[in-house]
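**Q**
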Amino acid sequence: MRLLAEGLSARRGEDLIFHDISFVLAAGEALVVTGPNGSGKSTLLRVLAGLLGAESGRIHLEGGPPGFEHPHELSHYLGHRNAMKRELTVEENLSFWQRFLGDSPGGAGIALDAAAEAVGLAGITHLPFGYLSAGQQRRMAMAKLLVAYRPIWLLDEPTAALDAGADRLFAGLVATHLDRGGIVIAATHQPLGIERTKALQMTGFVH
Amino acid sequence: MIALFFRDLKLSVRAGGGAMIGVLFFMTVVAVIPFGVGPDLNLLARIGPAILWIGALLAALLGLDRLFQAEREDGSLDLLLMQETPLLLTVFVKCAAHWAATGLPLVIASPFLGLFMNMDERAIGATMLTLLGGTPAITLIGAVGAAVAVALPRGGLLVSILVLPLAIPVLIFGVSATYAAVEDPAPFLPPFMILMAITLFFAVIGPVAAAAALRHSAD
Amino acid sequence: MSENSMAIRKLGDLANPTRFLALAERVLPWFAALSALFLSVGLWLSFTTEGDYQQGETVRIMYVHVPAAWLSMMCYTVMAVSALGTLVWRHPLADVSARAAAPIGAAFTFLALVTGSLWGKPMWGTWWVWDARLTSVFVLFLMYLGLIALNRAMEDPSRSARVSAVLVLVGFVNIPIIKFSVEWWNTLHQPASVMRLDGPTIDPEFLRPLLVMAIGFTLLFFTLHIAAMRNEVWRRRVTSLRRQAARNAGRETLAP
Chain A
3 MRLLAEGLSA RRGEDLIFHD ISFVLAAGEA LVVTGPNGSG KSTLLRVLAG LLGAESGRIH
63 LEGGPPGFEH PHELSHYLGH RNAMKRELTV EENLSFWQRF LGDSPGGAGI ALDAAAEAVG
123 LAGITHLPFG YLSAGQQRRM AMAKLLVAYR PIWLLDEPTA ALDAGADRLF AGLVATHLDR
183 GGIVIAATHQ PLGIERTKAL QMTGFVH
Chain B
302 MIALFFRDLK LSVRAGGGAM IGVLFFMTVV AVIPFGVGPD LNLLARIGPA ILWIGALLAA
362 LLGLDRLFQA EREDGSLDLL LMQETPLLLT VFVKCAAHWA ATGLPLVIAS PFLGLFMNMD
422 ERAIGATMLT LLGGTPAITL IGAVGAAVAV ALPRGGLLVS ILVLPLAIPV LIFGVSATYA
482 AVEDPAPFLP PFMILMAITL FFAVIGPVAA AAALRHSAD
Chain C
147 MSENSMAIRK LGDLANPTRF LALAERVLPW FAALSALFLS VGLWLSFTTE GDYQQGETVR
207 IMYVHVPAAW LSMMCYTVMA VSALGTLVWR HPLADVSARA AAPIGAAFTF LALVTGSLWG
267 KPMWGTWWVW DARLTSVFVL FLMYLGLIAL NRAMEDPSRS ARVSAVLVLV GFVNIPIIKF
327 SVEWWNTLHQ PASVMRLDGP TIDPEFLRPL LVMAIGFTLL FFTLHIAAMR NEVWRRRVTS
387 LRRQAARNAG RETLAP
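Going down the list, the sequences are from chains A, B and C. Residues 3 to 209 in the numbering used here are what the first sequence lists, from first letter to last. Residues 302 to 520 in the numbering used here are what the second sequence lists, from first letter to last. Residues 147 to 402 in the numbering used here are what the third sequence lists, from first letter to last.
1. With a cut-off of 8 Å on the beta carbons, I'd call Ala510/B and Val464/B a contact; round off their distance for me.
2. So, is the C-beta of Ser386/C closer than 8 Å to a C-beta in chain A?
3. Under a CB-based cut-off of 8 Å, is Leu264/C close to chain B?
4. Going along chain B in order, which residues have a C-beta closer than 7 Å to the C-beta of Phe98/A?
5. Leaving out five residues before and five after His72/A in sequence, what residues of the same chain have Cβ atoms less than 6 Å from its Cβ?
6. Taking the runs of the beta strand (DSSP E) that are 3 residues or longer, which of them lie wholly in the region 91 to 178 of chain A?
7. Cβ of Ser24/A within 8 Å of Cβ of Ser58/A?
8. Measuring alpha carbon to alpha carbon, tell me which of Arg455/B, Leu432/B, Glu374/B and Leu501/B ends up nearest Gly473/B.
9. State the Cα-Cα distance for the pair Ile334/B and Leu407/B, rounded to the nearest angstrom.
10. For Asp375/B, return the contacting residues in chain A, with the cut-off set at a CB-CB distance below 9 Å.
11. Find out if the Cβ-Cβ distance for the pair Ala391/C, Ile126/A is shorter than 8 Å.
12. Taking Cβ-Cβ distances shorter than 9 Å, what residues in chain A pair up with Gln370/B?
13. Would you list, in chain order, the members of the region 15 to 26 of chain A that have their beta-carbon closer than 8 Å to a beta-carbon of chain C?
14. Taking its Cβ as the centre, do 16 or more other Cβ atoms sit within 10 Å of Asp17/A, making it buried, or is it exposed?
15. Spatial neighbours of Ser306/C within its chain, please: C-beta separation below 6 Å, excluding the five flanking residues on both sides.
16. Under 8 Å, do Arg152/A and Leu76/A count as touching if we go by C-beta distance?
17. Between Leu390/B and chain A, is there a C-beta pair that is closer than 8 Å?
18. Under 7 Å Cβ to Cβ from Phe184/C, same chain only, skipping five residues before and after it: list those, please.
19. Out of Ala182/C, Tyr290/C, Phe318/C and Ser263/C, which one is the CA nearest neighbour of Asp277/C?
20. In this structure, does DSSP put Ile23/A in helix, strand or coil?
21. Taking C-beta pairs closer than 8 Å, name the residues in chain B that Glu94/A reaches, listed in chain order.
22. So who's on the other strand from Thr386/B, going by DSSP bridges?
23. Enumerate in chain order the residues of its own chain whose CB-to-CB distance from Ala229/C is below 6 Å, with the five nearest sequence positions on each side excluded.
24. Within 10 Å of its beta-carbon, does Met494/B have 16 or more other beta-carbons around it, so buried, or fewer, so exposed?
25. What separation, rounded to the nearest whole angstrom, lies between the Cα atoms of Gly15/A and Gln384/B?
26. Report yes or no: is there a C-beta of chain B within less than 8 Å of the C-beta of Phe172/A?
27. Between the region 320 to 332 of chain B and the region 342 to 359 of chain B, are three or more C-beta pairs nearer than 8 Å?
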């Protein structure tokens, strides 16, 4: 399976954010998008997630499972916000996403407890999500990537609220996902600490 | 989809949820009316169905602005938009959950408020029946307003302003069906059938329009 | 002045939640037993005394209705005093008390409304009239529900305590005004069709069960209130334990 982006450009309002971005990612490869604030990293990820229309260019999959027109239907998107409800317990949140998202063909999500274990937070899934600290909330949002299988992960500043230990833990999760033939696209300031990454340096427009 | 339904239901009964507030608002609005028009029981019995309907209409609009805004604020809306399941189905399920959490309690509370209005059994039954048929339409119309106003910082009031004029037909046929059941010469079924038709019509139009608005509000 | 603050500090010591829990543990069985005793005697009396020649058997509803109505007002007074305790003395238990009292007060008010309505149907021929007294009780009921909704809407009790205390006090000051204005409104419009219950001075035959029931209900209120306060203290402890658990989770696994 390969993910291809050809000549992508995007606008927000009247402003052209980026122009003519192309890349090819094969299974097991990661793309790390770096660049200063405002260079369009988040916009690129939202375009890839299908949340914003591209001004020009196209994104498509080669050799993906049949019946999926858009790559975003096979993607996890972890944005700035965690997409978890403060009022519900962690378990309720995760099990909702597990049941709502379902598994993409070619893999299966892991159990809730195992996912909490994988992000180092086993044993507190019965607590309301709002009780957790910012870093713990972020880690639980990552557990969401594990409970339902998606071959493509789109991660926007995944490690923003995390300490060094959690950073390494997260790098481990990404490496495991790549080993299983997944594709990861991450916008980040810090290096993810994994090999087999391609780099995309976003510069933004200099006016 | 069932998971989404129950999640929304849980959210609305948990702390800070809107389910109880809606009924409370309904009670308060209806209870305040007699202070305005006076405690004449005959008068109250006559205007009771209309007051219950107006109260229910306002109460049903109360929590609607949060329908998609809460999802947007914590980022869940992005994930709902990305899935291969049709967005209009997602919207429809969210409306169903919202109605079950806020509309249905209004229907259940209406007989008690009918007693306060000195309405007889027939009028109470008719009001409850028409509310049961009509409140889903209010929620479904409201979903369109909620979707349009989702990105606005202070969308709450705007949703009510946008939606109230659209909900006028529901009010007209709901109230007239209720009065038709109470006053003999007028037949009950035609206005009630029209009310049901409106509900079914908006069950189709509402999710489609709301889904379209949500797609374009994404940024 | 310094003496004053000393006294308050001591009062604060007394109100230490742990001590309150120990005290509650000791007095609760007594309160429960006493209220059960009074209520059963009261109920027995209510069903064995003669019916009224005018109202017939329905007069027995009064033995539940009057105490419930009395408690609906006393409970609000308890809440107002607690609110004062929160705002003026910053008593740690005052907020617990106000919070615990609201649902109980709402329940008694609801009971008063329902029993009144049940009595009104055979006597007045309608479930509800917008009589001054009934209306004020209904407004009180709405105020209780509003306070409960406010308490539920705010997550952090330490922050919500002040806010809801202010509302309780404003409501308390407002109750006479509401009562007065409702009466004024009602005499303006009062339709002639509604009969008024102005029976002669109460016969001792009725007074005895009424008094016993009133005492029983009051004891029941205190039993419920203390139990609810205890639950609230426990609930807050559980919450803080859970927050503690959330803070501690994942520390050891990630230690570098």
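Just so it is clear, CB atoms sit at the ideal spot from N, CA and C, and this is done for glycine as well. Source: prediction; values computed, not measured.
**A** Concretely, from the data shown:
1. By 1-based counting over the second sequence, the position of residue 510/B is 209. By 1-based counting over the second sequence, the position of residue 464/B is 163. About 12 Å; that fails the 8 Å criterion.
2. By one-based count along the third sequence, residue 386/C stands at place 240. With 8 Å as the cut-off, Ser386/C does not count as an interface residue toward chain A.
3. Counting from 1 along the third sequence, the entry for residue 264/C is found at position 118. Cβ-Cβ to chain B under 8 Å: no for Leu264/C.
4. For the purposes of this step, residue 98/A is taken as residue 96 along the first sequence, with counting starting at 1. Per Cβ cutoff of 7 Å: Ala304 and Arg308.
5. The residue labelled residue 72/A in the question sits at position 70 within the first sequence. Correct list, in chain order: Gly52.
6. 154 to 158
7. Position 22 of the first sequence holds residue 24/A. Position 56 of the first sequence holds residue 58/A. It is not a contact, given that the beta carbons lie outside the stated cut-off.
8. Here residue 473/B corresponds to residue number 172 of the second sequence, with the count starting at 1. Reading the sequence as shown, one finds Ile at residue 473/B and not Gly. Nearest option by C-alpha distance: Leu432/B.
9. On the second sequence, residue 334/B is found 33 positions in, with the first residue counted as 1. On the second sequence, residue 407/B is found 106 positions in, with the first residue counted as 1. Each residue's Cα considered, the two are about 17 Å apart.
10. As a position in the second sequence, residue 375/B is number 74, starting the count at 1. What Asp375/B touches in chain A: Arg83, Asn84, Ala85, Met86, Lys87 and Arg88.
11. As a working mapping, residue 391/C is identified with position 245 in the third sequence. As a working mapping, residue 126/A is identified with position 124 in the first sequence. A Cβ-Cβ contact shorter than 8 Å links Ala391/C with Ile126/A.
12. Locating residue 370/B in the second sequence gives position 69, where the first residue counts as 1. Near Gln370/B there are no residues of chain A at all, since even the closest Cβ is about 13 Å away, more than 9 Å.
13. none
14. Numbered from its first residue, the first sequence carries residue 17/A at position 15. Under this definition Asp17/A is an exposed residue.
15. Walking along the third sequence from the start, residue 306/C turns up at place 160. Hits under 6 Å: Met300.
16. In the first sequence, the residue the question calls residue 152/A occupies position 150. In the first sequence, the residue the question calls residue 76/A occupies position 74. Cβ distance < 8 Å, so Arg152/A and Leu76/A count as in contact.
17. For this step, residue 390/B is matched to residue 89 along the second sequence. No, because no Cβ of chain A sits closer than 8 Å to the Cβ of Leu390/B.
18. Locating residue 184/C in the third sequence gives position 38, where the first residue counts as 1. Around Phe184/C: Val358, Ile361, Gly362 and Leu365.
19. Here residue 277/C refers to the residue found at position 131 of the third sequence. When only C-alpha atoms are compared, the closest one is Ser263/C.
20. Locating residue 23/A in the first sequence gives position 21, where the first residue counts as 1. Correct three-state label for Ile23/A: strand.
21. For the purposes of this step, residue 94/A is identified with residue 92 of the first sequence, where counting begins at 1. Here the neighbours are Arg308 and Lys311.
22. Translated into positions along the second sequence, residue 386/B becomes position 85. Beta-bridge pairing links Thr386/B to no other residue.
23. Locating residue 229/C in the third sequence gives position 83, counting from the first residue. Cβ neighbours of Ala229/C beyond the five flanking positions: Ala244, Ala311, Val314 and Leu315.
24. As a working note, residue 494/B is residue 193 in the second sequence. Met494/B comes out exposed.
25. Taking the first residue of the first sequence as position 1, residue 15/A is located at position 13. Taking the first residue of the second sequence as position 1, residue 384/B is located at position 83. Their backbone Cα atoms lie some 25 Å apart in a straight line.
26. To locate residue 172/A, count along the first sequence from 1; it is residue 170. Chain B contact via Cβ: absent.
27. yes
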